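**Student:**
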Amino acid sequence: MKLQDKLRQQEYDKIWNSYCGFLDLTMEEYMNIQSRLMKEQINLWSSCDLGKSILKGKIPKTIDDFRQMVPLTTYDDYADILLSKQSSSLPDSPIIWIETTWEGGKHPVKVAPYTRSMLDVYRNNVTACLILSTSTEKGKFDVESTDKFLYGLAPLPFATGLFPLALGEEIDIQFLPPVKEAENMSFSERNKAGFKMALKNDVEYFFGLGSVAYAISVSLSSLYSSSTSNGFSSLLKCSPKMAMRILKAKNRCKKENRALKPRDLFQLKGFMIAGTDNKYYKDDLEDLWGIRPMELFAGTEPSIIGTETWTRNGMYFFPDTCFYEFILEKDMLQSFDDPNFKPKTYLMDEVIPGEKYEIVLSVLKGGAFARYRVGDVYRCVGLHNQEDATLIPRFEYVDRIPQIIDIAGFTRISKFGIQSAIELSGFKVEDWTALKEYNKDQRPFMHLYVEINKDSLTMTPYSKEIIKEILSTYFKYSDQDYRDLKKILGMDPLEVTILKNGTFNSYRLQFQKDIPKMNPNHYEIQALLAIEKEYRRERMVK
Amino acid sequence: MFNGLYGSISGLSVVGYLFLFMIFLNAKKSKLINSFLTLLLSMILWTGGSLLMRQQFWPSYIFWYHVSLSGLFLMVLSYFKFSAAFVGMTKNKFVILYTFLLAAVFAANIPSGFFLHWPSLQIENGRALMVYDQITGFVSVFFAVTGIIVVHMVALLYKNVRHNIKLRKQISPVILGIVLLFLGHLAFTVPFFKGFPIDILAGLVNVFLLVYVLVKRKLFRPRMIASSNVGYLFCVVMGFSVFYGIFPYIKILSNRNPPLSEGLLTAIYLVVFSAIVSFFFLLWKQALSKIFIQNDELHDEILKDYSAKVSSSLNLKNIYEHTAETIEKNTDVKQVFISILNDENQKYTIRHSNRSLSDISLVLTMDHPIVHFLKHHNEPLNMEEFTHTTAYKSIWESEKKQLENLKIGHCIGLKVSNELVGIILIAMERTSQYLKTQDLNLLSSVNTISSIAIKNALRYEKAYFEARIDELTGVLNRRYFFEVLDKVFQENKNSSLALLLINLDDFKLYNQLYGVAQGDLALRKVAVILKGSISDQCFVARYGGKEFALLLPQYDVFKAKKLAISLRDQIGKIGKTENSFRQKTLTISAGICISPYGAKSVKELLDNAEHAIYHVKRKGKNAIKIFDTFVSNEVNKSENLDLHSIYDEYKSTIYALTATIDAKDHYTFNHSENVAKYAVALGKRLNLNKDIIENLRQAALLHDIGKIGIPEHILNKPFRLTEEEFEIMKGHVEASINIIRHLPSLDYVIPAVLGHHEHYNGGGYPRRSEKDDIPLTARILCISDAFDAMISKRCYKDPLPVEEALYILQKEAGRQFDPELVPIFVSMINERDLDFDTQLQKVTLLSGAN
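Protein chains in written order, with our numbering: chain A, 725 to 1266; chain U, 312 to 1161.
Following this line, the structure appears as structure tokens:
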């Protein structure tokens, strides 16, 4: 029975239990679900060509065997089979292939297969998110089939495009604009059309990447003025309820002498955000919409894996999407320095509050990925929570792994990508390191510290503006998302600092190692800058 | 005289309006339907208000007077909107103006009834009467306002329909309705109608006229939204309302003298009530047949609409979508899958489903019992019934499970002249659920239309693909590639676009070595590798006979190079998968150019990628080159080279290499030159053309060049070679090829060199070719090489006499040697051609000495 039918029959307790019941699991019950589903997955995965290609003749019988025999994998291990969409080599037939950019990969995109069983789980879990986004306490929620959804995410073939389709199997919620129309629209067209529709007939939900949701929200005033340029006649197009709200909002904003905010027009039931850097947007979004967004985590390879609850205080992982393993942060860092190092993994019942972990996923229900390093880091914030009466660990999203610089969930820049841009630009860069930093408004950007070849400095005039401009151009050519970052969010994500010649070498001599190319830690970058400062001081003395 | 009728006519009207309102709420919404709904609402307010006013309902009759008046005002406005929508005007500024105007008049009238005062309540014969006795001249304001709107509306209609005969016909009932409404209100002032709600009756008729207009305009399908049950309910309610109205008159019968018995009275009531209900029932039936479309007509209409959509389309996707949509919308099915026969693998695979995330992995093979059934029957297959047949026993468990999961209840064959082109699979809420007869009829007709449409579209699709797809490899052909290139280049103007050209090295040789069939197979394998290594956004095309082009949007130089390396590695493994013999390794020369870094136009992109590939070819093949200025310059310089002098360019190298071998293998001194002489002589005897003779000479000179890599102790071993040593020795053929490959433009000698150890009966090496599969030049070389070896001294043997060598050649003809060439060679030697007479004499002497 669909959610809609259950709602019609007012089976609210049943609804809560079937979709959000995982929040009541004890640790033991949670692990039982994990291990039973993992056993099923081991059988499926080990007997398919993809599994065999990674297992190399070994046959795991138990989960322990599996963890011993299957190495930690990355997309490279799957690329040959998945990119050519060899369905017959997979654990189960895929229904749909989802796509995303593959930064630093051998192709611009990577694809992930979704089986029917995975989609069933996905559907149930997005419904759980929908319910939880409206909940104020355990068992209390407010979902109706007449609700409307303003959807600020990309359509298929991206993972976000699955959301309305899966939800559509459960409930006839109306998406603004309708999914079929939205597929043929650009990002801004979609937002404009959605907002116009919301303005006419109200909207109850909003879902977007934190950064995108923020960009849409702040541009609402301009969207509003363009939508209501005909003044009174446009008011007549709105429902009486909305017309009244618009008039009130105008009046209030005039009195308070401020720009219009979404909360003046809409009273959302549910507000969901996904992606990275959400913590820097949540407060602003709450101020704009009058409701704190609920964060959920989903990715192309694993589908939707976790959600916050009404407490908005940490995410819980769904027990039936993936089998979760965790690598301690220090082991993760060591594994990047030493490719031969095999980091130990911990299970959900072995995590410790306060620790940061890189997550390792085995997608259940016939999924392709096993012991897959998806590249995300989480911090465990607690093993149980009195506030929402849970007994399972909850996490907060920290960021991507240090090898990747993710700007606002929009673009993922790898060492390879930066190297490519530098090489393409023709700059004689002697050495460089890149770091994700935040500006005074707590917005992320990439800070590139470069050292230019001494000889070329005499030939070509370099300034940080020139370097920034040219590198930006090459980033835009080679990275679609980078281009969109500027176009959609209006962000300039690059900052360049030119270091004195010899700085990197001095660092090398002083510390007997190279500074990491990607995301060196705070102390490492401070040490580098201190060396540079010393250089400058010496020059001034001379 | 009409007092009793007032209530019943008003009640009847309200019920009628409500009934229509309910029906139209279910109709597909449009501007016109919405304005009609508003019109109905105004009628309800007007008539209902009037009825409740006369009933002096709570809170007061004055309140209901205002409600009724508001309905009247709204009616004028909504009529205006309805008319505007009817003639297709999407926006009308006057609507706002009129809304204000009417609202102002209405609001001003509320406190004191300034324009139209409410009626006073008078009691006459114990009955309450509403008398409008306070009408003043100000009522003209009210009439003026509404009159302006009505005039404007009529003008609007006139303006828009005067040149449109079709619309004029459609609009006439609307005009008639307006006239009736107007007359109804006018008649209100005629004393005859005092107390009779003529205006309300006119309103009711008017509404039914409007319904008629909407039906004619096919804006909704009444049959679909007005079910039989609704009809029966309508008859009973209407019957009751009328009965209620005339009840007081019938009741008079009970007062007559002598009084009628209670039983008779009840019987009379029942007969009257039944007669009224029957009347309405007949009316309903008539309406269904006249106004509302009947099932058959509806069926025809759906099919007409569907046929119009699919018959004119050759786009398979559109046809699938319309077919699934028509079935889903008009029948009780849950889901529709369309499975089409794949010509290549002869399996029915699902190509479309009306739900985006459906499992479409169900495959029906030609021997599947469902396919068998549909081939031999014209009626749909009902799964529930099919499970009880013997044929069902042959369905696999996994297939049963899959059919069950999809809830397939019916399968309908898409047949064109007895050919089953596809199957429509119908999923029901429950698999055991049966389709209604009317749904089956509709499906059958949809099926007939779709079968032909799909068959035609499949033919078109095939022709479309054949025109664009290379038949051998299944990738885009060269002509279509240029179309795609232009399009993709434009699309990626703001990002990067890589063009990777891949040229298979020595492919002419590959064809000569293994035959054209093997060459074609290799090309197909290369195409599979290329297609399998790129994503959906990229394109592969066969750019030339042995050249492929890959168009890679958003690839930068590094990604393109990485891909080229991966492709090179995969293509290199093609020959290795064959276990029967070792095939020549396929290598590629690849050229890459990226826009915008390396090219600013499509032409530049192509030219530069070709320059890069040309550069690789000139440098010895088997490499990947990214176009840059350096490459560009270099290629331009070397373009002027005289290709015909290429052999001379390498002549010294060849002689140097030959000399090295001869020096290394002391006993084969001058062997290469001798073989060349024999081979050339035999070629001349065979009247081969100059080019082939030159080819033979060069091949003979180079045939043992690979021995350069064989250890000297094996080459000069005085005893029989061990198996392992022999294997190493055999490798000299491949080694020769690898050396020759680096001498550009000498490709053509490779078949002869590679095949000179092949035996006519297939027993040689390295690829065990036989008979005509071995190139003629190689067969000539084989005889020449063997003859010279036999008559020469080697570390492991003494020279044989010429006669004995010739005898062995003849003995081995048909086994090791070509049986047609051996007699020619023998006669040539026996005739002692001057060219090699001296050599033979030397051999004879040597033989004699031993």
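Every residue, glycine too, gets a C-beta built ideally from N, C-alpha and C. Just so we're clear, the structure is a prediction, and the values are computed from it rather than from any experiment.
Determine, using beta carbons only, whether U:Val-868 comes closer than 9 Å to chain A.
**Tutor:** So yes, U:Val-868 belongs to the interface.
**Student:** Measuring CB to CB, does U:Thr-634 end up less than 9 Å from U:Tyr-617?
**Tutor:** yes
**Student:** Since A:Pro-1026 and A:Phe-995 are thought to touch, with beta carbons under 8 Å apart, how far apart are those beta carbons, to the nearest angstrom?
**Tutor:** Rounded, the Cβ-Cβ distance is 23 Å, inconsistent with contact.
**Student:** Check each residue of the segment 818 to 834 of chain A: if its Cβ is closer than 7 Å to any Cβ of chain U, include it; give the result in chain order.
**Tutor:** Ile-819, Ile-820, Lys-830, His-831, Pro-832 and Val-833
**Student:** What first and last residue would you give for the alpha helix (DSSP H) that runs through U:Cys-849?
**Tutor:** Per DSSP, U:Cys-849 belongs to no alpha helix (DSSP H) and is neither H nor E.
**Student:** Using DSSP bridges, identify the partner residues of A:Val-1220.
**Tutor:** Partner(s): A:Leu-1172.
**Student:** Please report the straight-line C-alpha distance between A:Glu-1297 and U:Lys-686, rounded to a whole angstrom.
**Tutor:** Summary: the structure shown does not reach residue 1297 of chain A, with chain A confined to residues 725 through 1266, and so no result is reported for it.
**Student:** Report the CB separation of U:Met-1139 from U:Arg-996 in whole angstroms; it is logged as a contact under 8 Å.
**Tutor:** In this structure U:Met-1139 is in contact with U:Arg-996, their Cβ atoms being roughly 5 Å apart against a cut-off of 8 Å.
**Student:** Based on DSSP bridge pairs, tell me the residues matched to A:Thr-839.
**Tutor:** A:Pro-818
**Student:** Are the C-beta atoms of A:Gln-1204 and some chain U residue less than 9 Å apart?
**Tutor:** yes
**Student:** Can you list, in chain order, the residues of the segment 1113 to 1133 of chain A whose Cβ is nearer than 9 Å to any Cβ on chain U?
**Tutor:** Taking 9 Å as the upper bound on Cβ-Cβ separation, chain U lies near no residue of the segment 1113 to 1133 of chain A.
**Student:** With 9 Å as the threshold, decide whether the Cβ of U:Asn-653 is near any Cβ in chain A.
**Tutor:** no
**Student:** Listing by chain order, which chain A residues have their CB less than 8 Å from the CB of U:Asp-670?
**Tutor:** Ser-817, Ile-819 and Arg-840
**Student:** Have a look at A:Ala-1254 and U:Tyr-866 and give me their C-alpha separation to the nearest angstrom.
**Tutor:** In this structure, the straight-line span from the alpha carbon of A:Ala-1254 to that of U:Tyr-866 is close to 39 Å.
**Student:** Starting from the Cα of U:Ile-1197, find the closest Cα among U:Leu-350, U:Ser-1047 and U:Leu-736 and give me that residue.
**Tutor:** The requested residue 1197 of chain U does not occur in the structure, where chain U is confined to residues 312 to 1161.
**Student:** Can you list, in chain order, the residues of its chain with a C-beta nearer than 6 Å to that of A:Glu-893? Leave out the 5 residues immediately preceding and following it.
**Tutor:** Arg-847
**Student:** Distance cutoff 9 Å, beta carbons only. Does A:Tyr-1201 sit that close to anything in chain U?
**Tutor:** yes
**Student:** Rounded to the nearest angstrom, what separates U:Phe-454 and U:Ile-320 at their Cα positions?
**Tutor:** In a straight line, the C-alpha of U:Phe-454 is about 25 Å away from that of U:Ile-320.
**Student:** Say the cut is 8 Å; is the CB of U:Ala-992 nearer than that to a heavy atom of the ligand NAP?
**Tutor:** Among the components of this structure there are no ligands whatsoever, and the ligand NAP is therefore not found.
**Student:** Taking only beta carbons into account, state which residues of the segment 897 to 919 of chain U come closer than 8 Å to chain A, listed in chain order.
**Tutor:** Correct list: Pro-907 and Tyr-908.
**Student:** May I ask you to list the residues that DSSP assigns as paired with U:Ser-431?
**Tutor:** According to DSSP, U:Ser-431 bridges with U:Val-442.
**Student:** Run the CB neighbour count on U:Leu-336, radius 10 Å, all protein chains shown included, and call it buried at 16 or more, exposed below.
**Tutor:** exposed
**Student:** Exposed or buried, A:Trp-1156, counting other C-beta atoms within 10 Å across all chains shown (16 or more means buried)?
**Tutor:** buried
**Student:** Give a yes or no on whether 9 Å exceeds the smallest Cβ distance from A:Glu-1147 to chain U.
**Tutor:** yes
**Student:** Which partner residues does U:Pro-864 have in the DSSP bridge list?
**Tutor:** Partner(s): U:Leu-808.
**Student:** Any idea which residues DSSP pairs A:Cys-744 with across the strands?
**Tutor:** Partner(s): none; A:Cys-744 has no beta bridge.
**Student:** Run through chain U and tell me which residues come within less than 8 Å of A:Ala-1092, C-beta to C-beta.
**Tutor:** By Cβ distance, chain U contributes nothing, its closest Cβ being about 15 Å from A:Ala-1092, past 8 Å.
**Student:** The segment 801 to 814 of chain A: which residues have C-beta closer than 7 Å to a C-beta of chain U, in chain order?
**Tutor:** Taking a C-beta cut-off of 7 Å against chain U, the contacting residues of the segment 801 to 814 of chain A are Leu-807 and Ser-808, listed in chain order.
**Student:** Am I right that A:Met-1072 and A:Gln-758 are in contact with their C-beta atoms under 8 Å? What's the rounded C-beta distance?
**Tutor:** Between A:Gln-758 and A:Met-1072 the Cβ distance is about 7 Å, and since that is below 8 Å, they are a contact.
**Student:** Any chance you could list the alpha helix (DSSP H) runs of at least 4 consecutive residues sitting entirely within the segment 719 to 798 of chain U, in chain order?
**Tutor:** 748 to 779
**Student:** Taking Cβ to Cβ, would you say U:Leu-427 is nearer than 9 Å to U:Asn-420?
**Tutor:** yes
**Student:** What runs of the alpha helix (DSSP H), each 4 residues or longer, lie entirely inside the segment 600 to 683 of chain U?
**Tutor:** 606 to 622 and 627 to 641
**Student:** So U:Lys-645 packs on U:Glu-740, CB below 8 Å; how close in whole Å?
**Tutor:** 5 Å
**Student:** Name, please, each residue of chain U whose Cβ falls closer than 9 Å to the Cβ of A:Leu-1223.
**Tutor:** The contacting residues do not exist; A:Leu-1223 stays about 25 Å from chain U at best.
**Student:** How close, in whole Å, do the beta carbons of A:Met-1242 and A:Arg-1167 come, if the pair is a contact with beta carbons under 8 Å?
**Tutor:** Their Cβ separation, rounded to whole angstroms, is 20 Å, which puts A:Met-1242 and A:Arg-1167 out of contact at 8 Å.
**Student:** State yes or no: is the beta carbon of A:Phe-882 nearer than 9 Å to at least one beta carbon in chain U?
**Tutor:** no
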